[in-house]
Amino acid sequence: MMRISMSLPKKLLADFDEVLKDRGYQSRSKGIRDALKDYIVRYQWMNEMEGNRIGVITVIYDHYYTGVMESLAEIQHDYRDEINTSMHIHMTSKYCIEVIVVNGDVNSIRELTEKMMRLKGVDHVKLTSTANGESFDPD
Ligand code: NI
108 MMRISMSLPK
118 KLLADFDEVL
128 KDRGYQSRSK
138 GIRDALKDYI
148 VRYQWMNEME
158 GNRIGVITVI
168 YDHYYTGVME
178 SLAEIQHDYR
188 DEINTSMHIH
198 MTSKYCIEVI
208 VVNGDVNSIR
218 ELTEKMMRLK
228 GVDHVKLTST
238 ANGESFDPD
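When you line the sequence shown up against this note's numbering, it's residues 108 to 246, in that order.
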């Protein structure tokens, strides 16, 4: 561990402390460490998406839309090597959420995400991922 001191605008620190309180953090240092890691992961996500990634794709769709469930199933079968598991939640009488856990080459994962994104009847698709394998270092 290294010790650093830093200056922050009062409002920023107050807002940050509020978030930590809401999330039940006991320690501001832990909160700052987690925020920094999150910042780095986002940076890597934006700039270094290559190789093997592990992640989650969230899909929200209207299950009444003709053919959308079949198309989603067909696409996911095509990418079964990249899909570890999925979960279906009946969100409202109209909308479903599918949470798909993916692990594999980022180009395939991106393709899978974009194919589902393009479907009519699909309202929202979000991919979050992080490096897997040897480049993952939680400390
Ligand atoms: Ni459903």
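A virtual CB, placed ideally from N, CA and C, is assigned to each residue, including glycine.
Shown here for residue 142: same chain residues with a beta carbon closer than 8 Å to its own, the five before and five after excluded, namely 123 in chain order. The beta carbon of residue 210 is closer than 7 Å to those of 161, 189, 191 and 239 in its chain, skipping five residues each way along the sequence. Between residue 164 and residue 232, the beta carbon gap of about 7 Å places them in contact (Cβ cut-off 8 Å). In the DSSP annotation of this structure, the continuous segment of the alpha helix (DSSP H) that includes residue 223 starts and ends at 213 to 225. Cβ atoms of residue 193 and residue 208 come within 8 Å of each other, at about 7 Å.
Rounded to the nearest angstrom, the gap between the Cα atoms of residue 121 and residue 130 is 14 Å. Between the ligand NI and the CB of residue 195, the shortest heavy atom gap is smaller than 7 Å.
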